[in-house]
Every structure is written in C-alpha cells, then in structure tokens.
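Below is one structure, written out as structure tokens, with a few remarks after it.
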Amino acid sequence: MPISTALQILHSQLFVTVPKPTASFKDRVVIVTGGNVGLGQETARTIASLGAAKVIITSRSTAKGEEARNDIISSTKCDESTIEVWPLDLCSFESVRAFAERAQSLPRLDALICNAGIGTTAFKLAEGHESTITTNVISTFLLSLLLLPKLKETAVKFNILTHLDIVSSDTHFLTDFPESRLPGPIFETLRSEEKSMMSDRYHVSKLLEIFLVRALASSLAAAPYPVVITSSNPGFCTSNLRDEVREGSAVARWVIWLIERLVARTAEEGSRNFVIAASAGEDFHGQWVSDGKVQTVAPFVLSEEGEKVQSRVWEELCAILEEAAPGVTKGL
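Residue numbering for the sequence shown follows my numbering, starting at 1078 and increasing by one per position.
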C-alpha cells in the first residue's frame, strides 16, 4: 500500500467525523445482517430511531439477538414490534435460502444491509469453500440476489428507491490478491488450504466484495434500476472481529488495545456509513461509500489487471450461486 494511501486512511480515522444520518426511514422495512452486535446493532439502533416501521436483525444465536433487540428497544423507545430477530447462519446455504424465503412474506423490503462477516486466520471449510469466503462473499451475495427481486418489487410498488448495501472495508487497499495470479479458477484456489494465504484472507474477502458490487451494479446498468447497490466502509472501529487476536498472546492483546484507543472509531460512528448508503440517491449506485460520501476504491480495483479479476470472480460466483439456488442469477 502506498504511503499516500496509508496517510489518507490515517487522516480519515483521526480527523474525519462521519455525519450523523438524518434521512427518515418512516414506514420502511430494513434487514441488517449481523445486527446482534457491534456495527450491525448500532446500524439497527440508528434506523429504528429514524422511524423505521420494522428492523429485522439477524443472528446465529437467538439469545444474543434478543439481547440486542431489548437493548435497541430500551435506548430508542421504539415500539416492541419494530425490532425482530431472525436466525441466519451464513455458513449454511440452506439457512440463507430459508431466510430469503421467509422474507418474501414481508409486506415490503426497503433496504438490505449485509453487515455480517467473520475474520479468521484458521482455515476451515463451509459449504465446500473456506469459511471467510463462504460467509463474507458467497452467502452474502446469495442472500442479496435472492432478495433483490423483493427490493425491486417494493421500489416499483411505492415509487421509491430501495437499497442493497454490502459492508466492505478500506482493508481492501491492503491486498493485491496474489491468489488471483495462480493458475486455475480463483474460487478453487481460495478453497485450497495449501494455496491459501490466510493472513490476507479477510482483506481479500473485502476486495472481492468491492469487485462484486461493481460487477452486479454494472450488470443492471442497461436500464434504469430502482435499487441502489453500494459497498460501504465503516473505517477502523472497535469490533469483535479482532476477538481471535485478543485470544492470542498478551502482546497481541496489548497492541490491539492500544491501536483501538488511539485511532478507532466507535461502532456507532462507523455504522453511520451504512445508514447513509441505505438512504442514498441514484448517484451512489455501484459506488464505495466511506466517510459518508462516495470515495475512490483501491488502485488495484481500477487497474487493467483488476478489471480482468473482477470479470473472472463475477463469472465464477454466478456459477457457484446458480448451483446453490438455481435461477438466482436470472435476469442479471
């Protein structure tokens, strides 16, 4: 990563305050994945406080989801019926399909904020792919495409823009995706323990999200589309994503503690980007949202090599998603 980019990120962390969202969510129905903790919980809290009719938070643990629900209701004084907890495990395609099927019964769906994700250096397979890729990329986009028709239906019915936001990260600047240069399909390489570079895997998953949001938005650009599709960046925040590091050596715990105290945003501050993206205009479509506005993605994404990688991962992902849910990419 160039020094100029590092300085830009550091400047953002230290000197930029993301504006508090003010757009009304009156009558809106919003899904926030991973809404039981951290960034997701703060996103749900803000949207509830902005008048949403219903905010559905997802959690693998119903008990933890209910704790978050009660906390949000207590702090916002919203009606108890406003916040619902639905189970969702992104390591399971069956769970994703069941969740999407249940969501079809909603009277409307105005925004899907895909915040849930994991960060691990331990190689483990889930649905035949490395778990970080399954969770952060494959299942996230499987859910997105399964619910895209519902988002479009709502937009047309109420003559509004609806929103799909995939939570990415400025950590996509930290990798030039070395696995993409190895022979063979990219997702096959990523599922190989021998070829995987797990210390870089979280960054790669966030880079893939950037590529795929751009590809998805581009595939829908032939005609006006009423769903604004974005990727958003919370910045470096206090987060449970680093729990694995905290469970390591005392030195690692101390370093993380120090860095978070010096430069980290709160989860509420970081989550503002998601809410802004989920209420943005058409000019945000296909863009990366950081510090509350559209920003330029990493140079690798925009390079000739990056464009080729984007095309490859989009084609490969569509094939994987079709196998998981036949017909899900129809119309793209």
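Where a beta carbon is used, it is the ideal one built from N, C-alpha and C, also for glycine.
So, are the CB atoms of residue i and residue j less than 9 Å apart?
i        : j        : result
Gly-1312 : Glu-1346 : yes
Thr-1120 : Val-1109 : yes
Asn-1192 : Ser-1246 : no
Thr-1055 : Ala-1125 : In this structure the chain extends from 1078 to 1409, so residue 1055 is not present and cannot be described.
Thr-1315 : Trp-1365 : no
Phe-1288 : Val-1390 : yes
Val-1304 : Phe-1361 : no
Ser-1208 : Thr-1197 : yes
Phe-1176 : Leu-1293 : no
His-1249 : Ala-1357 : no
Ile-1134 : Ile-1150 : no
Ser-1158 : Lys-1131 : yes
Thr-1094 : Ser-1348 : no
Leu-1409 : Ser-1296 : yes
Met-1275 : Phe-1200 : yes
Lys-1229 : Tyr-1279 : no
What is the rounded straight-line gap between the Cα of residue i and the Cα of residue j?
i        : j        : result
Thr-1411 : Val-1340 : The structure shown does not extend to residue 1411, since the chain spans only 1078 to 1409, so no value can be given for it.
Lys-1283 : Val-1290 : 11 Å
Lys-1227 : Arg-1185 : 7 Å
Gly-1383 : Asp-1148 : 43 Å
Leu-1167 : Ile-1237 : 29 Å
Asp-1156 : Ala-1129 : 10 Å
Ser-1273 : Ile-1243 : 24 Å
Pro-1096 : Glu-1271 : 44 Å
Asp-1277 : Ile-1263 : 15 Å
Ala-1299 : Phe-1254 : 29 Å
Ala-1355 : Thr-1099 : 12 Å
Asn-1213 : Gly-1194 : 5 Å
Thr-1266 : Lys-1103 : 45 Å
Val-1378 : Cys-1395 : 19 Å
Glu-1359 : Leu-1202 : 38 Å
Ala-1180 : Pro-1164 : 12 Å
Glu-1144 : Val-1114 : 9 Å
Ile-1210 : Ala-1140 : 26 Å
Glu-1204 : Glu-1256 : 20 Å
Ser-1380 : Ile-1080 : 19 Å
Ala-1401 : Leu-1225 : 16 Å
Arg-1268 : Leu-1335 : 34 Å
Asn-1350 : Arg-1342 : 12 Å
Leu-1285 : Gly-1363 : 14 Å
Which of the three DSSP states is assigned to residue i in this structure?
i        : result
Leu-1241 : strand
His-1249 : helix
Cys-1395 : helix
Pro-1164 : strand
Glu-1400 : helix
Thr-1094 : coil
His-1362 : coil
Arg-1323 : Low per-residue confidence applies at Arg-1323: pLDDT is 48, beneath 50, and the placement is therefore not dependable enough to give any value.
Ile-1190 : strand
Ala-1203 : strand
Ile-1263 : helix
Lys-1370 : strand
Name the residue from the options whose alpha carbon lies nearest to the alpha carbon of residue i.
i        : options                                   : result
Pro-1403 : Arg-1174, Val-1233 and Leu-1084           : Arg-1174
Gln-1387 : Pro-1098, Arg-1349 and Arg-1258           : Arg-1258
Arg-1146 : Gly-1112, Asp-1277 and Phe-1200           : Gly-1112
Ser-1136 : Phe-1102, Ser-1151, Ser-1158 and Ser-1172 : Ser-1172
Val-1281 : His-1088, Leu-1251, His-1206 and Val-1162 : Leu-1251
Ile-1190 : Ser-1221, Gln-1085, Arg-1179 and Ile-1215 : Ser-1221
Leu-1398 : Ser-1216, Leu-1127 and Ser-1169           : Ser-1216
Glu-1393 : Arg-1122, His-1206 and Thr-1094           : His-1206
Checklist entry - Which residue spans inside the region 1085-1157 form an unbroken beta strand (DSSP E) run of at least 3? => result 1106-1109 and 1131-1136
Checklist entry - Which residue spans inside the region 1260-1302 form an unbroken alpha helix (DSSP H) run of at least 4? => result 1263-1267 and 1278-1296
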